[in-house]
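Undergrad: Protein chains in written order, with our numbering: chain W, 189 to 299; chain E, 4 to 352.
Note that CB positions come from ideal geometry on N, CA and C, so glycine has one too.
The model shown is predicted, which means the values in this text are computed figures rather than measured ones.
1) For residue 233 of chain W and residue 64 of chain E, which I take to be in contact (beta-carbon distance under 8 Å), what is that distance rounded to the nearest angstrom?
2) Reducing DSSP to helix, strand and coil, say where residue 79 of chain E ends up.
3) By DSSP's criteria, residue 260 of chain E is part of a beta bridge. Which residues make up the other side?
4) Considering residue 260 of chain W, what are the terminal residues of the beta strand (DSSP E) in which it resides?
5) Could you spell out the range, first to last residue, of the beta strand (DSSP E) harbouring residue 151 of chain E?
6) Who are residue 127 of chain E's beta bridge partners in DSSP?
7) Could you list which residues in chain E have their beta carbon closer than 7 Å to that of residue 231 of chain W, in chain order?
8) For a cutoff of 8 Å on Cβ pairs, would you count residue 2 of chain E as touching chain W?
9) Beta-carbon within less than 7 Å of residue 156 of chain E's beta-carbon, same chain only, minus the 5 sequence neighbours each way: which residues are those?
10) For residue 188 of chain E and residue 176 of chain E, what's the separation of their Cα atoms in angstroms?
11) Please report the straight-line C-alpha distance between residue 305 of chain E and residue 108 of chain E, rounded to a whole angstrom.
12) Would you mind sorting residue 54 of chain E into buried or exposed? The rule is 16 or more other CB atoms within 10 Å of its CB.
13) Select from E:183, E:336 and E:19 the residue whose C-alpha is nearest the C-alpha of residue 253 of chain E.
14) Would you kindly work out how many angstroms separate the C-alpha atoms of residue 282 of chain E and residue 246 of chain E, rounded to a whole number?
15) Roughly how many angstroms separate the alpha carbons of residue 127 of chain E and residue 288 of chain E, rounded to a whole number?
16) In this structure, how does DSSP classify residue 175 of chain E when only helix, strand and coil are distinguished?
17) Would you say residue 207 of chain W and residue 247 of chain W are within 8 Å of each other, going by their C-beta atoms?
18) For the beta strand (DSSP E) containing residue 293 of chain E, list its first residue and its last residue.
19) Is there a C-beta anywhere in chain E that falls below 8 Å from the one on residue 264 of chain W?
20) When you compare each of E:129, E:136 and E:266 to residue 2 of chain E by their alpha carbons, which one comes out closest?
21) Along chain W, which residues have their Cβ under 7 Å away from the Cβ of residue 27 of chain E?
22) Can you find a CB in chain E that lies within less than 8 Å of the CB of residue 197 of chain W?
23) Counting contacts by CB-CB distance shorter than 8 Å, is residue 129 of chain E in contact with chain W?
24) For the alpha helix (DSSP H) that contains residue 96 of chain E, what are its first and last residues?
25) For the alpha helix (DSSP H) that contains residue 285 of chain E, what are its first and last residues?
26) In this structure, does DSSP put residue 247 of chain W in helix, strand or coil?
27) Quick one: does residue 215 of chain W have its CB under 8 Å from some CB of chain E?
28) Flag residue 66 of chain E as yes if its beta-carbon sits less than 8 Å from any beta-carbon of chain W, otherwise no.
29) Is the beta carbon of residue 249 of chain W less than 8 Å from the beta carbon of residue 263 of chain W?
30) What's the call for residue 321 of chain E, buried or exposed, on a 16-neighbour Cβ count within 10 Å?
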């Protein structure tokens, strides 16, 4: 299966989880997602998701000025974001368990 | 974690400006929000060895992930909300959903399999429409004559080929990814093809040259046609009467008679009905003249050989000949003598 399709559904969750651990700016979040194993995630997808979560009130943002170059924009999680993370994490676990239980015992054996 | 001191790179700046341009349709706040920090992030990425891709793809991905509408969609949607194109799209998708329903799909499969028949039919309709438009009234027939021998058949072959090629998507406006102009042209052409025959008077006997059609179907068609044109023709048992032939009590043919009904209305043949046969055998009944008014009530109507149209000028009528009586004579009838002879009309009774 195309993992980018799978990613689309859980990118919110993954981004929230990463930011919840520690505030970060766009590229920082991207690197942590990729470092965590989501190697195929696109940078624009992550940046767009950050902006959307911010617009929805799940994240706050603050700019760290730079004298020599463009400003960095950091994101942090809000209480609403934590609620969303908890809810979606629960849904994800339940969903993943359900799908796993449907799979044949020897994983990777697709017919 | 990272060093916040870095220099902006011109390629990154240019890339971000291009992306900004591609987001120009968004309001300022949304756009700034979307682009805030992007230059810094991209500079980091490039510094780490990443490559800047296509700005358009990038902008689209950014939009999509941010839950914003696509640029083209949004533009087109705004232009055409409620436009004929979107109306057509909605109608099409509704139609597709309808024919995909489990109890409709098998029937639709049959109908879809008959599409080639429609391609042939609409070609015939097109040529016949040309025939009707090109000349005077002509009985609608399987092979339109167009007044020139062979021309109708030739046009029919060409028209069928063109119609089929359009149907198969090989010829504009039926080709591949259809523009809205092509779609509307196709819709209009098919609509005309469906509606055009309704404007024709279709005399069923001439239709296929067969009286097998004169049954119930004919009644319906005639009824429809009659409603269309107030002038009803003369019928006998559902068949059109083209001409009338009179015989006297002794069974001898009589020429030059006029008949009226109980109210004194003359019995006439509708001019269109006076035509029989095709090609060389085509005969058109000619009227008598009351001043400049042609009247089809003097029987039997003389018949002219015209390639097309009606015998409605004196010049054409001058070429007319007496038609042969269908029967040389009839058996004489008893009691005929008593009624024979001149009558004084109602006042004489």
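TA: With the structure as the only source:
1) 6 Å
2) Low confidence applies here, because residue 79 of chain E scores a pLDDT of 47, under 50, leaving its location unreliable; read the following figure in that light. Three-state DSSP puts residue 79 of chain E in a helix.
3) E:302
4) 260-265
5) Taken as a continuous stretch (DSSP letters only), residue 151 of chain E belongs to no beta strand (DSSP E), as it is neither H nor E.
6) Per DSSP, none; premise fails for residue 127 of chain E.
7) 48
8) Nothing about residue 2 of chain E can be reported from this structure: the residues present for chain E run from 4 to 352 only.
9) 146
10) 7 Å
11) Each residue's alpha carbon lies about 57 Å from the other.
12) exposed
13) E:336
14) 19 Å
15) Taking C-alpha positions only, residue 127 of chain E is separated from residue 288 of chain E by approximately 27 Å.
16) coil
17) Yes, they are a contact pair.
18) Counting along the chain, the beta strand (DSSP E) containing residue 293 of chain E begins and ends at 291-293.
19) Output row for residue 264 of chain W: interface = no.
20) Since the first and last residues shown for chain E are 4 and 352, residue 2 of chain E lies out of range.
21) Under the 7 Å cutoff, chain W gives no residues; its nearest Cβ is about 17 Å from residue 27 of chain E.
22) no
23) no
24) 87-102
25) Residue 285 of chain E -> no alpha helix (DSSP H), and no H or E assigned at all.
26) strand
27) So yes, residue 215 of chain W belongs to the interface.
28) yes
29) yes
30) exposed
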